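Undergrad: Sequential numbering of the sequence shown, starting at 3, is according to the numbering used here.
The following block contains the structure, expressed as structure tokens.
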Amino acid sequence: MEGVLKEEASKFDDHAFAPMVSMEMNVGMFKSQWQFCDRITEYLSDILGQGHSDPARYSNFLSVATNELVELAFRSTGEPGRISFDLYRSATFNRLRIAFPCEEGSDREHARARSSERQPILGAASGYPVESDGTVPLANLAAIFRAAIRIEKDGTRGIQIIADFPSTEDFQ
């Protein structure tokens, strides 16, 4: 499944995406309060919903995936520096990019995420497939939202999470 997600994500030309919003903050500030995850998710999801026939429905649906990716970044960074959240739009996709510094020793953790091993994703009450330990593989999150999600190195000491969500509104 990982190869399929990477191949699908690599099909999208970065130049086809127009910037919508960019937000950056100090990692220390971001990590100081768990509630920042919810506030950032709400802001990004509201922007993603703009331009849709039912913006509240689209925003609400994508806020679940956006929140999980923002929380993954929250749990994964501990290095000093800046974390950035960027939204882009193309004719058929919306892209969320989260870039942050990452400790060198945690490269193995991100390699596991790339290989779709379990990550704390959705709670049992979500109605989505959940493992007995309360986690959902990252590949399942991508499948649920019909998204191409990849985690890759960003320079020598950074990680970026990139998720391409279809802009159509026919989620099931």
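Each residue gets a CB set at the ideal place from its N, CA and C atoms; glycine is no exception.
Please read these numbers as outputs of a predicted model, since none were measured by experiment.
Can you grab the Cα-Cα spacing for the pair residue 36 / residue 75, in whole Å?
TA: Whole-angstrom Cα-Cα distance: 11 Å.
Undergrad: Kindly indicate which three-state DSSP category residue 56 falls into: helix, strand or coil?
TA: Reduced to three states, the DSSP call for residue 56 is coil.
Undergrad: Following the continuous alpha helix (DSSP H) through residue 37, name the residue where it begins and the one where it ends.
TA: Where residue 37 is concerned, the enclosing alpha helix (DSSP H) stretches over 37-51.
Undergrad: When DSSP labels each residue in this structure, what does residue 111 get in the three-state scheme?
TA: Residue confidence for residue 111 is low, a pLDDT of 45 falling below 50, so the modelled location carries little weight; the figure read from the coordinates is stated next. Of the three classes helix, strand and coil, the one that applies to residue 111 here is helix, per DSSP.
Undergrad: Return the chain-ordered list of same chain residues with a C-beta closer than 6 Å to the C-beta of residue 25, the five sequence neighbours on each side being excluded.
TA: So the list reads 87, once near-sequence residues are dropped.
Undergrad: Could you compute how far the alpha carbon of residue 89 sits from the alpha carbon of residue 68?
TA: Going by the C-alpha atoms only, they are around 11 Å apart.
Undergrad: Straight-line CA distance for residue 95 to residue 165?
TA: Between residue 95 and residue 165, the C-alpha separation is close to 10 Å.
Undergrad: Given a cut-off of 8 Å on the beta-carbon distance, is the pair residue 39 and residue 66 in contact?
TA: No, these two residues do not count as a Cβ contact at 8 Å.
Undergrad: Going by DSSP in three states, residue 34 sits in which element: helix, strand or coil?
TA: Looking at residue 34 - three-state DSSP - the assignment turns out to be helix.
Undergrad: Drop a sphere of 10 angstroms on the beta-carbon of residue 20, count the other beta-carbons inside from all chains shown, and report buried for 16 or more, exposed for fewer.
TA: Residue 20 comes out exposed.
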